[in-house]
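Trainee: Quick note: the sequence shown uses the numbering used here, first residue 247, plus one each step. Glycine included, C-beta positions come from ideal geometry on N, C-alpha and C. If you're wondering where the values come from, they're calculated on a predicted model, not measured in any experiment. Have a look at the structure that comes next, please.
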Amino acid sequence: METLYKYRMKQCFFAIDLGATSGRTILGCFTPQGLEIEEINRFPNHIIETGGHFYWDIYELYRNILEGLKQAAARQDIEITSIGIDTWGVDFVCIGKDGILLRQPYSYRDPHTENAPAKYFERMPRKRVYELTGIQVMNFNSLFQLDTMRRHKDSALEAANKILFIPDTLSYMLTGEMACEYTIASTAQLVNANTRTLEPELLKSIGLTKQHFGRFVYPGETVGTLTEEVQRITGLGVVPVIAVAGHDTASAVAAVPAQNKNFAYLSSGTWSLIGVETDAPVINADTETMNFTNEGGVNGTIRLLKNICGMWLLERCRAGWGETSYPELIAEANASEPFRNLIAPDDPVFANPADMEEAIKSYCLTHKQPAIETRGQIVRCIFESLALRYRQVLENLQHLSPNPIETLHVIGGGSRNELLNQWTANAIGIPVIAGLSEATAIGNIMLQALAAGKATDFPQMRCFIAQSIPLKTYQPKDKEAWNAAYLQFKNVTQ
Numbered sequence: 247m248e249t250l251y252k253y254r255m256k257q258c259f260f261a262i263d264l265g266a267t268s269g270r271t272i273l274g275c276f277t278p279q280g281l282e283i284e285e286i287n288r289f290p291n292h293i294i295e296t297g298g299h300f301y302w303d304i305y306e307l308y309r310n311i312l313e314g315l316k317q318a319a320a321r322q323d324i325e326i327t328s329i330g331i332d333t334w335g336v337d338f339v340c341i342g343k344d345g346i347l348l349r350q351p352y353s354y355r356d357p358h359t360e361n362a363p364a365k366y367f368e369r370m371p372r373k374r375v376y377e378l379t380g381i382q383v384m385n386f387n388s389l390f391q392l393d394t395m396r397r398h399k400d401s402a403l404e405a406a407n408k409i410l411f412i413p414d415t416l417s418y419m420l421t422g423e424m425a426c427e428y429t430i431a432s433t434a435q436l437v438n439a440n441t442r443t444l445e446p447e448l449l450k451s452i453g454l455t456k457q458h459f460g461r462f463v464y465p466g467e468t469v470g471t472l473t474e475e476v477q478r479i480t481g482l483g484v485v486p487v488i489a490v491a492g493h494d495t496a497s498a499v500a501a502v503p504a505q506n507k508n509f510a511y512l513s514s515g516t517w518s519l520i521g522v523e524t525d526a527p528v529i530n531a532d533t534e535t536m537n538f539t540n541e542g543g544v545n546g547t548i549r550l551l552k553n554i555c556g557m558w559l560l561e562r563c564r565a566g567w568g569e570t571s572y573p574e575l576i577a578e579a580n581a582s583e584p585f586r587n588l589i590a591p592d593d594p595v596f597a598n599p600a601d602m603e604e605a606i607k608s609y610c611l612t613h614k615q616p617a618i619e620t621r622g623q624i625v626r627c628i629f630e631s632l633a634l635r636y637r638q639v640l641e642n643l644q645h646l647s648p649n650p651i652e653t654l655h656v657i658g659g660g661s662r663n664e665l666l667n668q669w670t671a672n673a674i675g676i677p678v679i680a681g682l683s684e685a686t687a688i689g690n691i692m693l694q695a696l697a698a699g700k701a702t703d704f705p706q707m708r709c710f711i712a713q714s715i716p717l718k719t720y721q722p723k724d725k726e727a728w729n730a731a732y733l734q735f736k737n738v739t740q
């Protein structure tokens, strides 16, 4: 990757990476030693509950982004080449005719979409929706959010001139340009998987048209440049904002340091997303029955995956445990009895309970398992259940993928969890390769580098990442014990 080595240290890419619980801004620079990344600022992303609804504070996120840009602008040793934004999927903001944001956006965890798919499918056949989009049915998909708002005569939607997904909203606030980026739009269940653009039939079913969305763009295209207002506030110049893969998982998967196509990936964070890359959507009776999704990827790929619950389970428990560190909890889990308690991580009771610890304890008692008595038992229950759920989904992917699956790449924050990585390898029976904890930001940065002509293609990009980032391989162990546990898991969760 000689062109990257020539890229001077003082020139950097600025990645804005927002997750469902926190956000951060990161600088990425290329040197002869490899890719160097530096976190500029990190901030919480709180759900606001008021009036019976759950909202994101888009203005607070924007304020923190501006703070990160100001800190970068104040540095004397760097120059910002471009800016890229990735976030979680499905959520959106309604924009008025005067260009003003009409209201804080609903969070996908808002209860207003409970049973929303069933209500929508009374008018539009479920099979037709999946045939068009290939997207797994989840009650919070944008399609169902918008239909629910339409049925409830939501004032913001009724007044909306444009609808912008979260990364597109923030790009608009920075540039004044309205775009609709492909990968983030694909999470909405409004994009035709084959044409790879918004599907008029589905838009019409909820009273919308393509004109209600911004200019449709694909990863690598320029959205616009910083407005004069943002330049004044931050101290930056006319810096372009690039449409990277706006969906954080798409950016993360772009960074997978795979050497060939025979791999699956596990993006491990608040959510666990496990899937494979394909050149075309895989939409058939099996993927529909198993509720697999075909989301937009980079470089013309489709991400065939399953969206399952992840570290949300533990994070919600930790909220009631004070400042307990991860190493302490992992040690307690490792010391606890194996396979004593197992749960179905995707059971609706774990979607947003008032008390996650009590929800897990209650589930175990309801399913005739021993009562949970310690914190370590809860953590072990979560980790073992996730590992076994990964095996279950991977078995299905083995049948659906056009390529054999020889390794699993774990990316995201969960890749630092050595105990869960080893248990995942034990459960699935193939090697697990981990170490890319900053995959989303790295993918964001690499897509900006491609747009700037500092990298030439994706295979080259992935090889460069593999050379730059220390990786660790976990080999499967204790096959018989984990096979027996898998049977136990299926009996408990069926």
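So R635 and I554 are supposed to be a Cβ contact under 8 Å. How far apart are they, rounded?
Mentor: If you number the sequence shown from 1, residue 635 lands on position 389. If you number the sequence shown from 1, residue 554 lands on position 308. Their Cβ separation, rounded to whole angstroms, is 6 Å, which keeps R635 and I554 in contact under 8 Å.
Trainee: Measure the Cβ-Cβ separation of P351 and Y301 and say whether it is below 8 Å.
Mentor: Here the question's residue 351 lines up with position 105 in the sequence shown. Here the question's residue 301 lines up with position 55 in the sequence shown. Yes, the Cβ-Cβ distance between P351 and Y301 is below 8 Å.
Trainee: Mind checking who W302 pairs with in its DSSP beta bridge?
Mentor: Position 56 of the sequence shown, counting from 1, holds the residue named residue 302. For W302, which the question treats as bridged, DSSP gives the partners I293.
Trainee: Could you check the C-alpha separation between M707 and L696 for me, to the nearest Å?
Mentor: Locating residue 707 in the sequence shown gives position 461, counting from the first residue. Locating residue 696 in the sequence shown gives position 450, counting from the first residue. Near 9 Å, if we compare the C-alpha coordinates of L696 and M707.
Trainee: Can the beta-carbon of F651 be found less than 8 Å from the beta-carbon of A496?
Mentor: Against the sequence shown, residue 651 aligns to sequence position 405. Against the sequence shown, residue 496 aligns to sequence position 250. Position check: residue 651 holds Ile in this sequence, whereas Phe was assumed. With contacts defined by Cβ atoms closer than 8 Å, I651 and A496 do not form a contacting pair.
Trainee: Does the region 511-524 come within contact of the region 450-465, defined as at least 3 CB pairs closer than 8 Å?
Mentor: Touching, no.
Trainee: Can you give me the start and stop residues for the beta strand (DSSP E) that W517 sits inside?
Mentor: Position 271 of the sequence shown holds residue 517. Boundaries of the beta strand (DSSP E) harbouring W517: 517-524, taken from the DSSP string.
Trainee: Please classify S417: does DSSP put it in a helix, a strand, or coil?
Mentor: On the sequence shown, residue 417 is found 171 positions in, with the first residue counted as 1. Helix at S417.
Trainee: List the endpoints of the continuous alpha helix (DSSP H) containing R372.
Mentor: Numbered from its first residue, the sequence shown carries residue 372 at position 126. Here the alpha helix (DSSP H) through R372 covers 372-379.
Trainee: Helix or strand or just coil, what does DSSP make of R270?
Mentor: The residue given as residue 270 occupies position 24 in the sequence shown. Strand.
Trainee: For E507, I'd like the list of residues in its chain whose CB is within less than 8 Å of its CB, leaving aside the five on either flank, ordered along the chain.
Mentor: Translated into the one-based positions of the sequence shown, residue 507 becomes position 261. The sequence shown places Lys at residue 507, not Glu. So the qualifying residues of the chain are E523, N649.
Trainee: Considering only the beta carbon of each residue, do A439 and T533 sit closer than 8 Å?
Mentor: Taking the first residue of the sequence shown as position 1, residue 439 is located at position 193. Taking the first residue of the sequence shown as position 1, residue 533 is located at position 287. Taking the C-beta atoms as reference points, T533 is found no nearer than 8 Å to A439.
Trainee: Among T739, D601, D393, which has the Cα closest to the Cα of A434?
Mentor: As a working mapping, residue 434 is identified with position 188 in the sequence shown. Checking every option, the nearest Cα to that of A434 belongs to D393.
Trainee: Name the two residues that bound the continuous beta strand (DSSP E) containing K607.
Mentor: Counted from its first residue, the sequence shown places residue 607 at position 361. DSSP places K607 in no beta strand (DSSP E) but in the uninterrupted alpha helix (DSSP H) bounded by 602-612.
Trainee: Could you check which residue in T620, T612, K614 has the C-alpha nearest to that of S582?
Mentor: Position 336 of the sequence shown, counting from 1, holds the residue named residue 582. Considering only alpha carbons, the answer is T620.
Trainee: Can the beta-carbon of L588 be found less than 8 Å from the beta-carbon of A633?
Mentor: Walking along the sequence shown from the start, residue 588 turns up at place 342. Walking along the sequence shown from the start, residue 633 turns up at place 387. Against a cut-off of 8 Å, the Cβ pair of A633 and L588 comes out as no contact.
Trainee: Pop quiz: A731 and E641 are said to be a contact at Cβ under 8 Å. What is the actual Cβ separation, rounded to whole angstroms?
Mentor: Here residue 731 refers to the residue found at position 485 of the sequence shown. Here residue 641 refers to the residue found at position 395 of the sequence shown. In fact, because the Cβ distance is near 15 Å, the residues do not count as touching under 8 Å.
Trainee: Please classify R637: does DSSP put it in a helix, a strand, or coil?
Mentor: To locate residue 637, count along the sequence shown from 1; it is residue 391. In the structure shown, R637 sits in a helix (DSSP, three-state: H, G or I).
Trainee: By DSSP, does A680 sit in helix, in strand, or in coil?
Mentor: By 1-based counting over the sequence shown, the position of residue 680 is 434. It is a strand residue.
Trainee: Where does V487 sit, in a helix, a strand or coil, going by DSSP?
Mentor: Within the sequence shown, the letter at position 241 stands for residue 487. Reduced to three states, the DSSP call for V487 is strand.
Trainee: CB V437 to CB P465, shorter than 8 Å?
Mentor: To locate residue 437, count along the sequence shown from 1; it is residue 191. To locate residue 465, count along the sequence shown from 1; it is residue 219. No; because the gap between Cβ atoms is not below 8 Å, this pair is not in contact.
Trainee: For F338 and Q615, I'd like the C-alpha separation in whole angstroms.
Mentor: Along the sequence shown, one-based indexing puts residue 338 at 92. Along the sequence shown, one-based indexing puts residue 615 at 369. Linking F338 to Q615 through their CA atoms gives a straight-line distance of about 41 Å.
Trainee: Using 10 angstroms around the beta-carbon of I262, count the other beta-carbons present and answer buried if the total reaches 16, otherwise exposed.
Mentor: Within the sequence shown, the letter at position 16 stands for residue 262. Counting Cβ neighbours within 10 Å, I262 comes out buried, since at least 16 surround it.
Trainee: Any contact of the region 302-315 with the region 716-735, i.e. 3+ C-beta pairs under 8 Å?
Mentor: Counting Cβ pairs under 8 Å, fewer than three are found: no touch.
Trainee: May I ask you to report which of helix, strand or coil DSSP gives L347?
Mentor: By 1-based counting over the sequence shown, the position of residue 347 is 101. Correct three-state label for L347: strand.
Trainee: By how many angstroms is the C-alpha of D593 removed from the C-alpha of F735?
Mentor: Mapped onto the sequence shown, residue 735 falls at position 489. Mapped onto the sequence shown, residue 593 falls at position 347. Approximately 13 Å between the Cα atoms of the pair.
Trainee: Are the beta-carbon atoms of A500 and G658 separated by less than 8 Å?
Mentor: Position 254 of the sequence shown, counting from 1, holds the residue named residue 500. Position 412 of the sequence shown, counting from 1, holds the residue named residue 658. Result no, Cβ atoms of A500 and G658 do not sit closer than 8 Å.
Trainee: At a cut of 8 Å, does the region 404-417 reach the region 425-434 through at least three beta carbon pairs?
Mentor: yes
Trainee: I believe L389 touches M395 by the beta-carbon criterion, under 8 Å. Please report the beta-carbon distance rounded to the nearest angstrom.
Mentor: Start at 1 with the first residue of the sequence shown, and residue 389 comes out as number 143. Start at 1 with the first residue of the sequence shown, and residue 395 comes out as number 149. Actually they are not in contact, since the Cβ atoms of L389 and M395 sit about 11 Å apart, beyond 8 Å.
Trainee: Helix, strand or coil for M255? Go by DSSP, reduced to three states.
Mentor: The count along the sequence shown starts at 1 and reaches residue 255 at position 9. Only weak support is given to the placement of M255: the predicted model assigns it a pLDDT of 44, under 50, and the value that follows is read from those uncertain coordinates. Correct three-state label for M255: coil.
Trainee: Here's the rule I'm using: 16 or more other beta-carbon atoms within 10 Å means buried, otherwise exposed. How should L482 be labelled?
Mentor: Numbered from 1 along the sequence shown, position 236 holds the residue referred to as residue 482. Burial call: buried.
Trainee: If we count the other Cβ atoms within 10 Å of its Cβ and call it buried at 16 or more, is P584 buried or exposed?
Mentor: Here residue 584 is taken as the residue at index 338 of the sequence shown, counted from 1. With fewer than 16 Cβ atoms within 10 Å of its Cβ, P584 is classed as exposed.
Trainee: Classify P446: buried if its beta carbon has 16 or more other beta carbons within 10 angstroms, exposed otherwise.
Mentor: Locating residue 446 in the sequence shown gives position 200, where the first residue counts as 1. Exposed.
Trainee: What span of residues does the alpha helix (DSSP H) with V336 cover, start to end?
Mentor: For the purposes of this step, residue 336 is taken as residue 90 along the sequence shown, with counting starting at 1. Taken as a continuous stretch (DSSP letters only), V336 belongs to no alpha helix (DSSP H), as it is neither H nor E.
Trainee: When DSSP builds the beta bridges, which residues end up paired with A439?
Mentor: In the sequence shown, counting from the first residue as 1, residue 439 sits at position 193. Paired residues: none, contrary to the question.
Trainee: Rounded C-beta distance between G330 and Q721? I'm assuming under 8 Å.
Mentor: By one-based count along the sequence shown, residue 330 stands at place 84. By one-based count along the sequence shown, residue 721 stands at place 475. Their Cβ separation, rounded to whole angstroms, is 36 Å, which puts G330 and Q721 out of contact at 8 Å.
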